[in-house]
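Going by the working numbering, the sequence shown runs without a break in its numbering and finishes at 278.
First up is the structure itself, then whatever we jot down about it.
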Amino acid sequence: MNKPQSFFHLHLISDATGETLLAAGRAASAQYKDARAIEHIYPLIRTEKQVAKVFEDIEEEPGIILYTVVDQKLARGIDERCATMGLPCVSVLEPVLTVFQSYLGTPAGRRVGAQHVLDAEYFRRIDALNFTMEHDDGQLPANMDDADIVLVGISRTSKTPTSIYLANRGIKTANIPIVLGVPVPESLVNAKTPLIVGLIATAERISHVRQNRILGNSSTYEASDYVDRAAINEELAYARKICTRHGWPMIDVSRRSIEETAAAIVALRGKSR
């Protein structure tokens with residue numbers, strides 16, 4: 006018998022965007038299937054006045070507090086308030102910084118939002134995002150050699166969200182749909198630079214995803230064939246045949262999150278270099 010799901014408040018206090026905290030909080034929360042976190046995110050908290058306002062909210066809905074605040078005075082203030090209220094709190098970055106300091110032999114610079122500076126890496130990610138949006142769903146197929154990665158697959162195999170996720174990591178990613186009976190572009194077949202990966206899934210998974218799509222937006226398929234598992238199996242067989250013919254690796258995304266699919270692609274890219 007399954008336990009009823011319970012809820013708890015998770016307060017995330019950050020002096021930057023809060024992305025690090027959100028990832029850490031969700032990773033920990035995912036380990037508790039019977040408890041769901043109600044997230045409260047407080048980004049750009051850099052003054053004592055802001056901290057005081059945050060704790061007014063926490064008093065209304067107490068819970069677990071995670072924070073990333075590099076200003077040690079503000080951090081001590083958060084610890085003290087939590088201790089007074091009897092609430093658990095953790096400085097997520099502090100144990101990591103301690104390890105870095107021990108190994109490197111020098112204290113951290115304590116720069117707020119240091120991971121978000123407008124450096125070359127930042128502009129590389131922006132360039133990758135622009136490229137990926139311009140080359141979504143088979144657009145501009147002539148310049149596939151400018152891509153780092155090209156994803157191919159039939160409709161509803163998560164090509165676009167995976168492409169965008171990879172672009173956020175600075176990887177120029179194009180994606181091209183495979184349509185039953187239609188050859189893939191010659192520019193893709195002849196491309197020398199990118200890693201080309203086929204995304205596949207079970208017919209059941211694809212049919213389920215397609216049923217949740219507005220069929221009127223799908224001009225390539227008859228509505229009945231679009232969700233029919235036998236027809237989908239034909240599409241998948243055609244996609245596998247193309248990938249096998251050209252030696253393109255395939256990844257089954259049926260039970261993978263976008264993040265897991267992207268990690269598998271990055272690992273393939275590392276091996277192909």
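Think of the CB as a built atom: it goes at the ideal place given N, C-alpha and C, for glycine as much as any other residue.
All of these numbers come straight from a predicted model, not from anything done at the bench.
Check: Rounded separation between proline 146 and serine 262 - CA only; Outcome: 27 Å
Check: For glycine 82 and glutamate 265, the rounded distance between their alpha carbons; Outcome: 38 Å
Check: Same chain, Cβ closer than 8 Å to valine 202, neighbours up to 5 away in sequence not counted; Outcome: Ile154, Val155, Leu156, Val157, Trp253, Pro254, Met255, Ile256, Ile270 and Leu273
Check: Buried or exposed (CB count within 10 angstroms, at least 16 for buried), tyrosine 37; Outcome: exposed
Check: Outcome for valine 258 when other beta-carbon atoms lying within 10 angstroms are tallied against a minimum of 16; Outcome: buried
Check: Assigned exposure category for lysine 78 - 16 Cβ within 10 Å defines buried; Outcome: exposed
Check: For serine 107 and leucine 26, the rounded distance between their alpha carbons; Outcome: 23 Å
Check: Anticipated Cβ contact below 8 Å, alanine 133 with isoleucine 176, distance rounded; Outcome: 6 Å
Check: Residue from Asp39, Glu24, Ile205 and Leu17 whose Cα sits closest to the Cα of proline 9; Outcome: Asp39
Check: Contacts around serine 19, its chain only, beta-carbon distance under 8 Å, and the 5 residues preceding and following it disregarded; Outcome: Thr25, Leu26, Ile46, Tyr47, Pro48, Leu49, Ile50, Tyr72, Thr73 and Val74
Check: Bridge-paired residues (DSSP) for methionine 255; Outcome: Gly203
Check: Straight-line Cα distance separating asparagine 195 from valine 189; Outcome: 11 Å
Check: Beta-carbon proximity check, tyrosine 231 vs serine 277, cutoff 9 Å; Outcome: no
Check: Among Thr165, Val59 and Phe128, the one whose alpha carbon lies nearest that of glutamate 139; Outcome: Thr165
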